[in-house]
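In my numbering, the protein residues as written are 222 to 1106. A quick write-up on the structure given underneath.
This is the structure:
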């Protein structure tokens, strides 16, 4: 599954080295109160539902074949918000004997008790239940969507949501065959995980009967009901269609052009035949996730699979990677499934890792190799009270708390280990792992075991140190004649907070911050005047000493840019790299720049110096366009999270002076000679020039084109269209805002809808911000599109007091309309003011008792703001001096 909340523009994202073992206690799932025991094991399940999309609710029956392995008087399974009207059980060997079960209470973990007066002995039984439920409107469970007066039903069961649709043994370790029988009014189509084997007609209803599934777990079971359009997906070896809501078939062109080749590449990686009978896909409107890897029926949020004729480079990379990610899950996640949700991170991280690899391989023109997964994760993971990736999971709130950090950090860790053991060896280990556990459950330990056996390297401590404690190491490199000392310590900005985290995670008050350490595979580049020497090193203690080859001018400790760590180099080495930046490849340049920017947070680099380097690089016409685009976006973003209002005008004049040559030569109108990378760079320049620097030419161009964008008449590519809308919003009044609002309500293009709704958050008037927020919670915007968009006005420091005041006054209205409530404080993740920090804490402290997980998110946001304030305080004087030059 890919979560769409708090990603893209959004800000989403302890086991100690002395033990270096996977502690089962740290992630124990044996506590009976939040999981079902193995005393009762499901063997198969039939679910029959009567669904009328015109109504608000439905009814159903289910028959579950179970094995009672220990005599009992109480059947337990999961049920949430369902009205169970009857429950009976029969011994399979004596079907004439029926036992009526009482429908008992439901626990806080959705486990319902079905007690019986008489003890049920060990044996095989059939458990039958009748129930009623309600459709959801939140994009979760069984949810209803209305498009152009047509109603559709979709399902989203990951994680722990199948229980809200039908009673079930809703745990990943229970992999069983399911058979679905779905009754709908005639005229509706039903699609599911498996091929339809029968269509039964009775009066005004049809019953769609589907072939039983292979053994799967509830999360990846799915069905869709509606009056769909569909298209065959070409170049697929198995039956495959893409289903869309009525009228959106023309927007499938981009996706179906590429799905077949992506499928082929993923299958060839595993060298194992696709394990299921079909692979259909559904573009889902108002979906709460980016995508979901249902066996044989992948869901995609419409925005990410139905692209315009001129998609931006960012849209293309995200869409293609998402397709590859979900297809990869057919093997890694579905064929082989986690034992428990504490290893959901591995499912998602591996799929993300392989998807990135596939996009690099098939689409080299997109330069996806420069999308370094560790960059965002390192920024999120340096907050001192962040939780480990691998953690205890008891509830859906625990799963929802994982966030984007799981995808990025896990991906980066797999990247590191692949480079350490070798690409071919890592792939062989993955294949042997999938072959051993196909149609079974497996754990992280099982995965690591295969890599260790194949590579003949001890990796348990590496995985443990990065996954079961939060944060990452700061490496210090020091020269002493021909010796190089590499030492590690935790990257931290606040020792006191870090100490508290260690004590909480280990219940050991004698543990000190310096005791945290990692096992770190390093690939070091030794740069001489005319040569590069590389050496692989495994840092498995506090420090190691190496001999420096003769003639080395500089040491670069992150060859291939895969390291999940930060590093401090000797001044002379740093200076040599700065003056000889072309000695690094493009990925290494990005990683080096990001490392230096991150060091400003702990006062090991000056922000002014890092800014100077970036501006100098932009003057190099040979600089990779992706790097240039990232630098421009970083400068734009600095207004949001670092530059104080008091010096923003002075800062803008400084940036304008240094980019004046670029702005004078750029042609805002499109050229046939432009590559997709050229367009992305130009769009980022337009957003900076018109949105931050008050460039008259950029603003004039945007205002001349925005109405064509709103009316879907523009020939601009999506990246330029998006920039045009943001620039106009930042420089316009309420009359223009009204046009944006009307255009949003008028268009059925999901990507344009998203761009308009985001851009509406860039207007700067207090009255318009209030109107924007009122519109978000008016019922006219889908629930999954609301929560994270509160951040856009907050990107403007001048509006932050107004934003937090609105939230405080309108708490109940907001909570009624948003998903992922625990993440809502992240709308202030970019704040950098003490008075805002205080108000954020005061406002959200009243939310904590009602929203699981919110307290931890609020603590993270609080510490992030403190961190920004400390960094700004340390850097602002030197930056002000720099602005005068």
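We treat Cβ as the ideally placed atom computed from N, Cα and C, and that holds for glycine.
- Note on residue 966: under 16 other CB atoms within 10 angstroms of its CB, so exposed under the neighbour-count rule.
- Separation of the CB atoms of residue 467 and residue 369 is rounded to 6 Å, and the pair is thereby assigned contact status at 8 Å.
- Taking the CA atoms as reference points, residue 572 sits about 8 Å from residue 548.
- Note that the C-beta distance between residue 998 and residue 1014 is not below 8 Å.
- Uninterrupted beta strand (DSSP E) stretches at least 3 residues long and entirely within the stretch 601-677 occur at 661-663, given in chain order.
- Contact annotation: the stretch 864-882 does not touch the stretch 927-936, with fewer than three C-beta pairs closer than 8 Å.
- The C-beta of residue 342 has fewer than 16 other C-beta atoms within 10 Å across all chains shown, which makes the residue exposed.
- Unbroken beta strand (DSSP E) stretches of 3 residues or longer found wholly inside the stretch 453-482: 462-466, given in chain order.
- For residue 550, no alpha helix (DSSP H) run applies, since DSSP gives it neither H nor E.
- When beta bridges are read from the DSSP output, residue 341 appears opposite 293.
- If the five residues before and after residue 1062 are omitted, its C-beta is found closer than 8 Å to the C-beta atoms of 1079, 1083, all from its own chain and listed in chain order.
- Under DSSP, no beta-bridge partner is assigned to residue 990.
- The way I'd put it, the stretch 743-762 doesn't touch the stretch 656-667; fewer than three beta-carbon pairs between them come closer than 8 Å.
- Residue state for residue 330 is assigned as coil, using DSSP reduced to three classes.
- Partner residues in a beta bridge of residue 948, as assigned by DSSP, do not exist.
- Using a Cβ distance threshold of 8 Å, residue 299 and residue 390 count as a contacting pair.
- According to the DSSP assignment, residue 745 belongs to the beta strand (DSSP E) that extends over 741-748.
- Here residue 592 carries a coil assignment [DSSP, helix/strand/coil].
- Measuring C-alpha to C-alpha distances from residue 830 to each of 596, 313, 816 identifies 816 as the nearest.
- Annotated as proximal: residue 400 and residue 433, with beta-carbon spacing under 8 Å.
- A contact is defined here as three or more CB-CB pairs under 8 Å, and the stretch 344-364 meets this definition with respect to the stretch 304-322.
- Around the C-beta of residue 820, 16 or more other C-beta atoms lie within 10 Å, and the residue is accordingly described as buried.
- DSSP places residue 831 in the helix class (H, G or I) of the three-state scheme.
- Burial check for residue 339: the Cβ neighbour count within 10 Å stays below 16, so the residue is exposed.
- Counting C-beta pairs closer than 8 Å gives fewer than three between the stretch 605-625 and the stretch 640-647, which falls short of the contact rule.
- In the DSSP assignment, the residues bridged to residue 559 are 663.
- Secondary structure of residue 403 (DSSP, three-state): strand.
- A residue is called buried once 16 or more other Cβ atoms fall within 10 Å of its Cβ, and residue 694 is buried on that count.
- Residue burial is scored here from C-beta neighbours: residue 867 has fewer than 16 other C-beta atoms within 10 angstroms and is therefore classed as exposed.
- According to the DSSP assignment, residue 776 belongs to the beta strand (DSSP E) that extends over 775-777.
- Sequence-distant Cβ neighbours of residue 490 in its own chain, meaning closer than 6 Å and more than five residues away, do not exist here.
- Residue ranges of uninterrupted alpha helix (DSSP H) with 4 or more members are absent from the stretch 336-388; none lies entirely inside it.
- With at least 16 other beta carbons inside 10 angstroms of its own, residue 388 counts as buried.
- If you check the CB distance, residue 543 and residue 512 come in under 8 Å.
- Non-local beta-carbon contacts of residue 282 in its own chain, meaning distances under 6 Å to residues more than five positions away in sequence, involve 269, 351 in chain order.
- Here the alpha carbons of residue 640 and residue 898 stand approximately 28 Å from one another.
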